[in-house]
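Worksheet: the structure to be examined is printed underneath.
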Amino acid sequence: MNRDSIQSTGEQPERRYDANVTVRRGYISRVGKVTLSAMALCSLVVIVASTALSNRSEPPVRVIVLEARDLRFDGTNPTLHAKVNERLRIVVRNFDMGVTHAVSIPALDTGNITIRAGQTGSIDVTFRQAGEYAYVCSHHMPSMQGKIIVSD
Ligand SMILES: [Cu+2]
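Quick note: the sequence shown, position 9, residue 207 per our numbering, numbers continuous.
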């Protein structure tokens, strides 16, 4: 039997249909390829970026979020803990309507960040020496003041 002769005579309409499907599939796969290429590029960027970051000596930033409410940090001005050389970001969300708060670590050069009602502010800090430090709201200390214990 000759397969070419069977295809060219009996199955022509079906082949035309297949051709349309193939064209559509081709289009989809082209879009897919573009998407995949973009994803591959993004992954590459992420890998390169994370490699660059991991080559740096400093560890990643640890974020501590405190809610300023009723003129206290998190209700109790909690004692925070950190390690020497740890990079810390202290984020304060001000839930006291009509009250402006602030956050700073007076012993270090963090600046004094003002946080209006409903807003969020943060300070970044790296402790180079073990010890006990205060974090404060300069507007409401000593009632709005907590400790950070830094250990080796
Ligand atoms: Cu305050």
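Just so you know, even glycine gets a beta-carbon here, dropped at the ideal spot from N, CA and C.
A quick note: this is a predicted structure, and the numbers were derived from the prediction, not measured.
query, result
"Residues sharing a beta bridge with asparagine 292, DSSP", "Ala266"
"Sufficient close CB pairs (3 or more, under 8 Å) joining the stretch 276-291 to the stretch 339-350", "yes"
"Boundaries of the beta strand (DSSP E) in which serine 349 is found, first to last residue", "343-349"
"Candidates Leu306, Asp268, Asn275 and Gly329: closest to asparagine 292 by CA position", "Asp268"
"Straight-line gap, asparagine 310 to methionine 342 (C-alpha atoms, nearest Å)", "14 Å"
"With 16 other Cβ atoms within 10 Å as the buried cut-off, status of valine 323", "buried"
"Contact test: histidine 337 Cβ vs ligand 1 heavy atom, cutoff 7 Å", "yes"
"Threonine 274 to valine 259 span [Cα, whole Å]", "24 Å"
"Element boundaries [beta strand (DSSP E), containing glutamate 330]", "329-334"
"Closest Cα partner of aspartate 307 within the set Thr318, Tyr331 and Asp294", "Tyr331"
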